[in-house]
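If you read the protein sequences in the order shown, they are chains R and B. The first sequence maps to residues 1 to 1411 in this note's numbering. The second sequence maps to residues 1 to 66 in this note's numbering. Glycine is no exception: its CB is placed at the ideal position from the N, C-alpha and C atoms. Have a look at the structure below, then the notes.
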Amino acid sequence: MNINLITCAQVEKIEGARGRFKATVRKSPRYIDPDKCTSCGDCAEVCPVVLPDAYDQGMSLRKATYKKYAQAIPGAFAIQKSDVAPCKLACPAGLNVQGYVQMVGAGKYKEALEIIMQELPLPGVLGRICPHGCEDACRRCQVDDPIAIRDLKRLAADEFDPRDIKIDCLPARREKVAIVGSGPAGLAAAYHLARRGIRSTIFEALPQAGGMLRVGIPDHRLPPEVLDREIELITNLGVTIKTSTPLGPDLGIDDLFAQGFAAVYLALGAHRGIKLGIPGEKAEGVRQGVDFLREVNLSGKAAVGRRVAIIGGGNVAIDVARSAVRLGAGEVQIIYRRTRSEMPAWEEEIAAAEDEGARLTYLSAPQEILTQDGRVVGLRCIRMELGAADSSGRRRPIPIPGSEYDIEVDQVIPAIGQQPDLSAIENVDGLEFSRWGTTEVDPLTYATGRAGVFAGGDLQTGPWVAIGAIAAGREAAESIERYLDGRDMAAGRTAVVNENPDYRPITEDIPRQPRAAMPTLSAAARRGNFDEVELGYETEAGRAEAHRCLNCAYCCECFQCVEACGVQAVTLETHAQKPETVELEIGSVILAPGFSPFDPSRFDSYNYAGHPNVITSMEMERILSASGPTQGHLVRPSDHGEPKKIAWFQCVGSRDLNRCDNAYCSSVCCMYAIKEAVIAKEHAGDALDCAVFFMDMRTHGKDFERFYDNAREKTGVRFIRSRVHTIDPVAGSDDLAVRYLDNDGRMQTEVFDMIVLSVGLETPPDGIALAERLDVALTPGNFAKTDAFAPVSTSVEGIFTCGAFQGPRDIPQAVVDASAAAAAAGEILSNARNTLTRTEEVVPETDVAGERPRIGVFVCNCGINIAGVVDVPAVRDYAATLPYVEYVTDNLYSCSQDTQDTMARIIREKGLNRVVVAACTPKTHEPLFQETLMNAGLNKYLFEMANIRNQDSWVHKNNPQLATAKAKDLVRMAVSKVALTEPLKEAELAVNPVAMVVGGGVSGLSAAQSLARQGYETHVIEKSAHLGGNARNLYRTPDGERIAPRLSALIADVQQAPNIHLHLETELKQVEGFVGNFKSTLVCNGDGTLLEHGVVVLATGAAPLEPEEYGYGSDPRIVTSLELDRRFIDDDAGLNHLETAVFIQCVGSREPQRPYCSRVCCTHAIDNALELKRRRPEMNVYILYRDIRTYGEREYLYSKAREAGVIFIRYSLGNKPQVRAGSRKVVVAVTDHVLGRPLEIETDLLCLSSAVVPTAVEGLAQMFKVPLNDDGFFVEKHAKLGPSEFATDGVFLCGLAHYPKPIDEAVAQGRAAASRAVTLLAREKIHTSGNVARSDPFYCSSCGVCVAICPYAAATFIKEGPNSGKAEINPVLCKGCGLCVASCRSGAIHLRGFDNDQIFAQLFALNEEAL
Amino acid sequence: MAPWEPKIVSFLCNWCSYGAADLAGVSRMEYPPHIRVVRIPCTGRMSPKFFLAALREGADAVWVSG
């Protein structure tokens, strides 16, 4: 309630200072209202846009309307959009091309037409003759060929009659409009006016409507019935067309106004052919192309010669030629002055003309028409050549002098262009014309100089494409409506501009797929007729063609989701959302932008980009996941076969400065690779061979070393210490051959079925950009720069960080840091605590005790999610027959806010005292419905859900009958149970706002400091006389900072804090009470005092192991790491004169009796080795190790040490170094791992990196009833998600008592424990759950099983009174698991909400006949 | 005659298996509709009496998961 989640957001800037920041956040729209969305997924079901699912690493598909993954928070869906698609932008009429292409792809032809006809009333016509500028803009051209957009439009109109599309029109207005010309511009204007409720009459000069569509395009390209059908859909809207009614002396514009038309739209077109301007043009046998086509189209015939010459290179010339061939012309020749590549006619048209027998002559121009007796007998032409480019960008044709030649022809048809015939309007007042004979208009509104007169189409532009005329007609309709309304005609009508558009990227992996070929009539079948040549796609071919669309804009705005959404969470309005900028007033900032996995496609050597069976570990995670692309079936990508051998390659994108610049260790990959290998073997069985190729195995986390040991020893995962040399695909299979050097230096080749690259973590570019914007300093590895004593503070005061942005880390560490960052942020805000929080209003509860059950059953349809499978009315009616059921109903969406309100009203009105909701899952929706009960004044525990969606309709969709039967059973079981529920109380308990911290080391002091800064009284209990713990013996941090001064500062701060009370030389003797109210007895010098506190933080630390090997204790030259640190702290000059120093790692760690890694020793030893080298560079320094574990950016130290000449020699557990203390030197014998030969090192100093061992804290663990693991460290609540707290409420954990860790992690966990504690302290009161166990002392036999078994220390023996010795359950500590109930041999314990009778009631109701 | 179909009663832990069964639905996996789920707060809640009751009510199998 008090977390305001702003999704799709980016922080642009943060101004101000600590405690008083102002953040500017750019919020991108999600296009779906998250408050209304019920996550039913109906929108995604209908969304046609299919995209790779990034969550599944592209191995499965998702829709443009999507939820990233099932458990995503918020659960609402979102829509992915980018800029307007290029096809739509390229269309003069702005058709939503991507939308209708997707609809065609989905086979939804009607819906496709609905999208097309938003703008265009002639889908079948334009689907045939549109010059499709959209296809030139199509980005599929970058892959192979553009989408056949025009042909898909035609397919839609072929498959669904556009006349049956319902076109919404506003109520008819009084005004009428006259339109002159029934071409595309006039028809579009009439159509769009009709939709605006404005009636119009079209005056057409010719005997048939359609303009150039009718008389300019021959029937073999546009069958007249297609045009008729689509004109009919316009006249169906009430548009009148008066044919054979030209403008002229009898009908002028003034006459139209006089007839009562309120506005006039001139769309006369351009029907007059342009003359060649050469001698002989008046001769018989010369015919203008447009005139020729008009006659053919109106009458079906026209006179053709034996030898026909057609002049021109446009579509009209081709149309004339193809018509002339059909009409029986003997020889048809097209003469064009440039070459084929400059021809404006479409290539497919030119080819068709050739197929049909027309001949083309290029680079030739007519000079004179040769006549005899006034008839054409020939044509004199001249050869041309191409010169420089002209203004159109085409090369200018230049006559070649002396190249004239004559050809014999009897018909010449010029088709070099056309222009408007202005004779009827040239004298109208206010109209002006250009020198090309076109009408001048306002470019935005299409208004002419005369009020109420508009013009468009070819009349205004000169001859242009039909879709342009249609756009002009629509714009004129908009202007005319505004004109009639008296509104500003220009306002808000600017064109969309996409500069640097953001589109779905075109990637290498898009498979090439040729464009679907258009089926055509054979050339032979075309002879002598005007049958349509292009036959249109078959539906399957067309849909496949549509699926080639790349969905450049992601969402195609088909708005199918709007139709599908039953709760109006997605509407046309939400679709139109724009990005917004939000300003936030904040006191602290936490940056947690996370990491991105390293992209190995940069490495050729791994063949990741080239071979399907080389995958990343992230892909492997998804393959192994039950909810992943293969539903958890372990198969390899190439053939979906089950692999027999899998290899993991470690350190891909980590510890590699040569190739990827990531010199750091990514910390997590060793562990996840082992985990994946183990899970893979669990999935596939023991026969699967898993091999991990690694450099150093880094299992430094808590219990990780054990996992490694088990994987190796028990599960049989092979671990091969080798960096792989090459990977080669095995010819003839999908397998991969791996070449590597084995332990003995021999080259081995092994074949694997698949290879998993264990990719590292890196800060994504936007994380780096964010840091730059906020001025947050980064490390060399691009992680936020922090400091060991302030591990979550960035370089900017008040800005904190956590997670992988702070450095590569695993989940437990990230959770620790997250809590620490919350504490650090809270320290700044503590004065303002509870000033801006929101709380809920509480409705008084009705007492239903003693009432007979009155059950209401609400069955949810969940849109079609349940109702599509389960017969919801039948379930509802069945529920009405069940005992105690007083009311039943079904809801479309039970979780929508209005239904919630209705349910609360019904509960009150009908006096219901129990409620069953049969819907989705209680895991997500129980709290919501319980709130509804509370709003109706009903105790929230009088409720039960029947899960008929997630566990019924969704999983049995092919079995509706049995799914319905199951739903009835589940409802019956729920009703039986709910009848036995009782109102439960949630006890309230005050929290004593005092904290106790046990342990005064760095971690405990950090916890105390944070608690105190957040305003809580804190007591620190330290058994020794000093604060600081182990840190007092440490020399410096891996960053090179001296620890002593920082520790002193921390101690001083704690000592000065007025609300911190230090109890030195004090031990805890006894603890009573529980969360919120502990009473601890402290003993100092024999004196006991009682401390009352609400929470406790255990920071009891650990100690260095005192080694029992390697001669420790027998010789002063043999020391531990901390002893060496002490000599550094004391600046022991003796260290400056050593000739040789040797470090032995894993002394006491990773041994059978102590099978854990002490985490800190590798870094510590290397840092100390470097310090010795600094003091005396010529000193020989050896580090004898098993695996170097310098995780994260500590890896830099390892590199630095090697550069400084520190010699690293690996030994194995079975072959440990031998130490002999000689009189002059200490001799260390070890086997060299490279040469495989024994080596003796004579040294002056032998430093043993001894293990970190937990201090004996059994007593403490008993007192707080918290567990210890086999190694003696405390067991936290949850290894990943609850690292700084115990399962027992009110008890928290930090520092080495949890696990060995360096100072930065100890400080972070101290703060984390404080943070977790504050979540309790700040509440002031704790509410217990109602679902708790209760023991009846009358039946209790005092056996103590419950006391022993309770994991939360909730069960205890009563100490006093009549029931002394019996068990009781503290409801505050009880988590309601029921362990005690099941184990109680006396039947004394009952679990409220899940009591025996309630579970039995469910079981007894299993069978219908039971009731 | 219709093939024999078992009747299975499953007791699923609220915190893991019950959620997993929900996720199976979210992922639109399919399984035979012969299973009836009883949600329990923890498998620690299971009592031998529940097995016996389920079997007595005609269950052919009882499945506990948590």
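B:SER17 at chain R interface by Cβ criterion, 9 Å: no
Closer than 9 Å to chain R by CB, B:SER27: yes
Contiguous beta strand (DSSP E) assignments of at least 3 residues, all confined to the region 795-859 of chain R: 799-801
Cβ-based contacts, 7 Å cut-off: residues of the region 1370-1386 of chain R near chain B: GLY1376, CYS1377, GLY1378, LEU1379, VAL1381, ALA1382
Below-9 Å beta-carbon distance, B:ALA20 vs any chain R residue: It does; some Cβ of chain R falls within 9 Å.
Residue from R:LEU535, R:ILE467, R:GLU1022 with nearest C-alpha to R:THR1066: R:GLU1022
Contact under 9 Å by Cβ, R:ILE425 with R:PHE454: no
Start-to-end residues for the alpha helix (DSSP H) that takes in R:ILE253: According to the DSSP assignment, R:ILE253 belongs to the alpha helix (DSSP H) that extends over 253-258.
Element boundaries [beta strand (DSSP E), containing R:HIS1061]: 1060-1063
Counterpart residues of R:GLU408 in DSSP-defined beta bridges: R:GLU408 pairs with R:GLY378.
Supposed contact pair R:ILE278 and R:ILE369 - C-beta distance, whole angstroms, cut 8 Å: The distance from the Cβ of R:ILE369 to that of R:ILE278 is about 6 Å, consistent with a contact at the 8 Å cut-off.
Ordered list of alpha helix (DSSP H) runs contained in the region 602-655 of chain R, each at least 4 residues: Runs of the alpha helix (DSSP H) lying entirely within the region 602-655 of chain R and spanning at least 4 residues, in chain order: 617-624.
N- and C-terminal bounds of the beta strand (DSSP E) containing R:ASN297: Segment 289-299 is the alpha helix (DSSP H) holding R:ASN297; no beta strand (DSSP E) there.
Closer than 9 Å at the beta carbon, the chain B residues around R:SER976: Those do not exist, as R:SER976 stays about 11 Å from chain B at its closest Cβ, beyond 9 Å.
The region 812-827 of chain R touching the region 1270-1284 of chain R, judged by at least three CB pairs closer than 8 Å: Because the criterion of three Cβ pairs below 8 Å is met, the region 812-827 of chain R and the region 1270-1284 of chain R touch.
R:TYR265 - containing beta strand (DSSP E), residue span: 261-266
R:PRO873 to R:THR889 span [Cα, whole Å]: 8 Å
Every unbroken alpha helix (DSSP H) within the region 320-359 of chain R, with a cutoff of 4 residues, ordered by chain: 347-356
Opening and closing residue of the beta strand (DSSP E) in which R:ALA1141 lies: 1140-1147
R:ARG1440, buried or exposed, once every other Cβ within 10 Å from all chains shown has been counted against 16: Residue 1440 of chain R lies beyond the range of chain R shown here (1 to 1411); nothing can be said about it.
Which of helix, strand or coil DSSP assigns to R:LEU962: In the three-state reduction of the DSSP assignment, R:LEU962 falls in the helix class.
Proximity of R:GLN57 and R:GLU682 at Cβ, strictly below 9 Å: no
Simplified DSSP assignment, three categories, for R:GLY1272: coil
Contacts that B:ALA61 makes with chain R (C-beta to C-beta distance below 7 Å): Proximity of chain R to B:ALA61 at the Cβ level (cut-off 7 Å) is not reached, the minimal Cβ distance being about 13 Å.
is_contact[R:PHE805, chain B] using C-beta, thresh 9 Å: no
Helix, strand or coil at R:ASP1087 according to DSSP, with G and I counted as helix: strand
Inter-residue Cα distance where the pair is R:LEU882 and R:GLY1376: 29 Å
Euclidean distance between Cα positions of R:SER1341 and R:ILE1369: 14 Å
Chain-ordered residues of the region 928-939 of chain R with a beta carbon less than 7 Å from chain B: none
Straight-line Cα distance separating R:ARG394 from R:THR448: 33 Å
Interface residues of the region 621-635 of chain R facing chain B [CB-CB below 8 Å]: ALA626, SER627, GLN631
First and last residue of the uninterrupted alpha helix (DSSP H) at R:THR932: 922-935
Partner residues on chain B for R:HIS956, Cβ-Cβ distance less than 9 Å: GLU30, TYR31, PRO32, PRO33
Pairwise C-alpha distance: R:ALA609 and R:PRO224: Cα to Cα, the separation comes out at about 53 Å.
Rounded separation between R:ASP661 and R:PHE694 - CA only: 19 Å
Alpha-carbon spacing of R:LEU989 relative to R:ARG1117, whole angstroms: Looking at the two C-alpha atoms, the distance is approximately 60 Å.
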